[in-house]
Structures are given as C-alpha cells and as structure tokens.
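Just below is one structure, and these are the notes that go with it.
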Amino acid sequence: MRKILAFLALLFIVSILIIFGGETQSLSGTFLESLVGFLTHPVVITILLAIASLGFVMELFSPGFGFPGLVGLTALVLFFYGHLVAGLAGFETILLFVLGIGLIILELFVPGGIIGVLGTLSIITSLLLASDNMINMGISILIAIGLSIIVAILMVKVYGKKMRLFNKIILTDSTNTENGYVSNLNRTDLLGKAGITFTALRPSGTVLIDDERVDVVSEGDFIVKGKQVKVVKVEGSRIVVRECNSTSKEELKL
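In terms of the numbering used here, the sequence shown has 218 at position 167, counting the first letter as 1, and numbering is strictly consecutive.
If you want it as structure tokens, here you go:
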C-alpha cells in the first residue's frame, strides 16, 4: 500500500513541474506567491486530499504512528497552509476541521452514529469553506473518499489486515472455562456442592468448586481463605455458601 502513497507523491512532483513550468514566463511574483498558487491549484488539491485520506486510512492498519500518518498529516498541513496564506481560509475553518476530527474520534468511544455524522459534516464543510470553487472542491473530496474506501477494502479483503484501532476498544478476550471464567447464571447444579474459599468472603468472594472459580457470597459471616464451604442457596446469579463445621461426607456432600 505504500506504493500507492509513493505513486501519489510522484504525481505531486510531476504536478509541480507541469504547473510551474507552464507559468514560468508569466511568473512575476515572489516564491511564496508561486507556492500558494500551486497549493491551491485544483489538481494539487485533489492530490493532497487523496494523500491525506490514504495516509490516515493506512495508519489505521499500522502499529503506532508511522510513515503513512506522517505523510497524511503533511498533506493536510500543505493544504491548509496554501489556502490560509491565499486568504481563502481562516483559522475558524481550521478549527472546524479539527472539531470534525475530534467528533469522529469521540464516536469511536461513544457509539451512536450522530456524533460521527456531525464530525464528517464538519470536515467536509471546512474543506468546502476553504475553497473558492465548491464544485471543484466537492469533486476532489469525492475522489479522496473513493480512493480511501477502495484502499480500506483492499487492506481487509486482499491483505487480511485488521484495524489496530478497533483492537484497543473492542473486547477480544474470551471468557471461557479454559481461562478460569465461570458464569453465575443458572448455576443450580452447584446447590449442595462443597468447595474451598479461594479468597476471603467479606461476605462476597471466590470459591473453588470442582476446579472452577465461582463468585459467591456467605450468609453474612466473614470466612477466611482456605476454608471448606457448601452451597446452600442459588438465587439466579446469587450463590450463597455456608462454612462447613463438619468434615463428614454427609455435611460436605462431595
């Protein structure tokens, strides 16, 4: 996928040669004016937005913040710098863009959809406001979004990659019996069984029953760790145990 970014970077360089080469004879301003004129050229805008979107999409599949994210960030800086110096965009436009990014990040942790939609609209609006031709800017945005979607699909379907971002916010651990987890729901099968307190019961704690760790509560008494107890009541997810004062088989019902 880095080849795609390299291709776009090459296309960016070619655009520099073509645009500056075509304006050499009429160039009478300073280098800064020429640079701003280049950065606000419709073709360059499309390339910058494409590089930015692809860079950030690829960053979602990469460990840490690396080369793709740096390239995408650089493209955005060049985009807003050119439009800011040209007077096409103000700081409020940049703030609106940053707000949109923040809302999208917030959507990842507070699912619902509305926040993400508002964030996307804020970003698109900021880009449109930064342009003197909204139609051209709209076309550039659509091209950038289209390329990003295609690359994301390729990363998942062809290369079998997963977004590392979702690995951090989605529970991937399995709570199965192999890992020592036992569900307390519908545990009437434990009624009458005996076990050893794995932790102290104050009055809640954990008991080891048939090599399974089970969350229980005592009848109200404090029971230290390592004591034999017996399940005397099961009420839904609430398992009540009592300390065994006798070690007879009848008392323990092992």
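The C-beta atom is built at its ideal place from N, Cα and C for all residues, glycine as well.
From a predicted model like this one, the values you see are computed outputs, not experimental measurements.
- In the structure shown, T248 adopts extended strand secondary structure according to DSSP, grouped into three states.
- Along the length of the region 252-296, whole beta strand (DSSP E) runs at least 3 residues long occupy 255-260, 263-269, 279-286, 289-294, reported in chain order.
- Under the three-state reduction of DSSP output, H134 falls in the helix class.
- Going by beta carbons, V275 and V292 fall outside the 9 angstroms limit.
- The residues I192, in chain order, have a CB closer than 7 angstroms to that of I175 in the same chain once the five nearest residues on each side in sequence are set aside.
- In this structure, the beta-carbon distance from G164 to L150 does not fall below 9 angstroms.
- If you look at A203, you'll find it in the alpha helix (DSSP H) that goes 185-204.
- Between the C-alpha atoms of G246 and V202 there is a straight-line separation of about 56 angstroms.
- Contact between V285 and V258 does not hold, since the beta-carbon distance rounds to 13 angstroms and is not under 8 angstroms.
- Taking a contact as a CB-CB distance under 8 angstroms, the pair L154 and S173 counts as one, their CB atoms being some 6 angstroms apart.
- Residue burial is scored here from C-beta neighbours: F130 has at least 16 other C-beta atoms within 10 angstroms and is therefore classed as buried.
- When only Cα atoms are considered, F107 and I98 end up about 14 angstroms apart.
- By the beta-carbon neighbour count (other beta carbons within 10 angstroms, threshold 16), R238 is buried.
- Contact between L180 and T144 holds: CB atoms are separated by about 5 angstroms, below the 8 angstroms threshold.
- In the structure shown, T91 falls within a coil segment according to DSSP collapsed to helix, strand and coil.
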